[in-house]
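Notes to accompany the following structure.
Set out below in structure tokens:
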């Protein structure tokens with residue numbers, strides 16, 4: 062059964078249980094959407110009660126520390142008052158060792174409230190031309206400072222050494238976050254640090270927004286073309 066169908070099945074079960082608890086008089090007047098909304102509200106209350114308020118209260122359940130085949134998956138890293146939850150395996154580190162290039166990315170919208178970002182490292186995971194780029198490392202981080210990035214990369218190097226591996230990619234592709242770029246240069250000095258063109262475009266557009274030129278960019282074709290020339294300089 063797929064994850065989506067399993068979730069639908071669980072929702073249907075919850076609706077049935079909730080329906081049993083409703084009075085016979087109210088039940089016919091409630092539509093399916095109304096019942097679903099009640100279930101969502103109940104879930105939100107449960108999530109709020111379960112989510113820790115401080116890092117000291119945060120304990121990673123064993124179910125999220127071990128993979129389905131029993132491999133240890135998570136590592137808790139503390140750097141002063143900051144924290145990293147690192148998720149990877151020895152097998153993933155082997156793929157990182159073999160990869161000539163890595164792609165690093167950070168997202169800020171899908172993280173627990175106690176953390177600042179979810180940082181991920183992607184690389185090829187195959188030994189032929191039909192390789193796929195897959196995420197091999199996940200790291201929940203409370204900050205995005207150069208020092209915390211350095212701690213993350215140091216831990217990765219130490220874990221690799223424990224398994225007699227060496228992480229020396231030729232290229233590391235990142236966004237234009239200076240802390241990440243400086244940490245890459247510090248901990249992987251033999252790798253060439255490259256910026257992603259997509260993130261370059263985003264960075265240029267943020268500067269347009271900060272300068273209050275969003276409307277001009279959207280209505281003045283000549284101005285818009287000149288701005289796009291900036292990103293085109295990368296080629």
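Residue numbers (the numbering used here): 62 to 296.
Every residue gets a Cβ at the ideal spot worked out from N, C-alpha and C, and that includes glycine.
Computed from a predicted model, the values in this text were never measured in an experiment.
> Shorter than 8 angstroms from the beta carbon of residue 292 to some beta carbon of chain B?
Replying inline: Here chain B cannot be found, since the structure has a single protein chain.
Exercise. Per DSSP, what kind of secondary structure is residue 165 in: helix, strand or coil?
Worked result: In this structure, residue 165 counts as strand in the three-state DSSP scheme.
Could you name the residues that DSSP lists as bridge partners for residue 178? In DSSP, residue 178 forms a bridge with 202.
Are the beta-carbon atoms of residue 153 and residue 146 separated by less than 8 angstroms?
Going by C-beta atoms, residue 153 is not nearer than 8 angstroms to residue 146.
Tell me the rounded alpha-carbon separation between residue 252 and residue 159.
Taking the straight line joining both Cα atoms gives about 14 angstroms.
On the criterion of 16 or more Cβ atoms from any shown chain inside 10 Å, does residue 241 qualify as buried, or is it exposed? Residue 241 comes out buried.
For this session: My understanding is that residue 256 touches residue 205, with C-beta atoms under 8 angstroms, so please give their C-beta distance in whole angstroms.
Result: The beta-carbon distance between residue 256 and residue 205, rounded to whole angstroms, is 16 angstroms. This is too long to meet the 8 angstroms contact definition.
Q) Sorted by chain position, which residues of the same chain lie with C-beta nearer than 8 angstroms to residue 140's C-beta, five sequence neighbours on each side aside? A) Here the set comprises 208, 209 and 212.
Paired residues, beta bridge with residue 194 - DSSP: By DSSP's assignment, residue 194 forms a beta bridge with 185.
Using 10 angstroms around the beta-carbon of residue 144, count the other beta-carbons present and answer buried if the total reaches 16, otherwise exposed.
Classification for residue 144: buried.
If contacts are defined as beta-carbon pairs under 8 angstroms, then residue 165 and residue 182 qualify, I think. What distance do you get, rounded to the angstrom?
So it is a contact: roughly 5 angstroms between Cβ atoms.
Worksheet item: Which term fits residue 128, buried or exposed, when burial requires 16 or more other beta carbons within 10 angstroms of its beta carbon?
Response: With fewer than 16 neighbouring CB atoms inside 10 Å of its own CB, residue 128 falls in the exposed class.
What residue range does the alpha helix (DSSP H) around residue 256 cover?
Here residue 256 belongs to no alpha helix (DSSP H); instead the beta strand (DSSP E) covers 253-256.
What separation, rounded to the nearest whole angstrom, lies between the Cα atoms of residue 189 and residue 234? Between residue 189 and residue 234, the C-alpha separation is close to 21 angstroms.
### Boundaries of the alpha helix (DSSP H) in which residue 209 is found, first to last residue
Segment 207-223, the alpha helix (DSSP H) holding residue 209.
(Q) Quick check on DSSP: helix, strand or coil for residue 292? (A) Per DSSP, reduced to three states, the secondary structure at residue 292 is helical.
message = Can you tell me whether residue 217 is buried or exposed? The criterion is at least 16 other CB atoms within 10 Å of its CB, across all chains shown.
response = Burial call: buried.
Residues of its chain near residue 121, where Cβ-Cβ distance is below 8 angstroms and the 5 sequence neighbours each way are ignored: Result list for residue 121: 135, 137 and 146, in chain order.
Exercise for the section: From the DSSP output, in three-state form, read off residue 272 for me. Expected result: Here residue 272 sits in coil by DSSP.
What separation, rounded to the nearest whole angstrom, lies between the Cα atoms of residue 179 and residue 222? Cα-Cα distance, rounded: 24 angstroms.
Q | Bridge partner(s) assigned by DSSP for residue 140 | A | By DSSP's assignment, residue 140 forms a beta bridge with 143.
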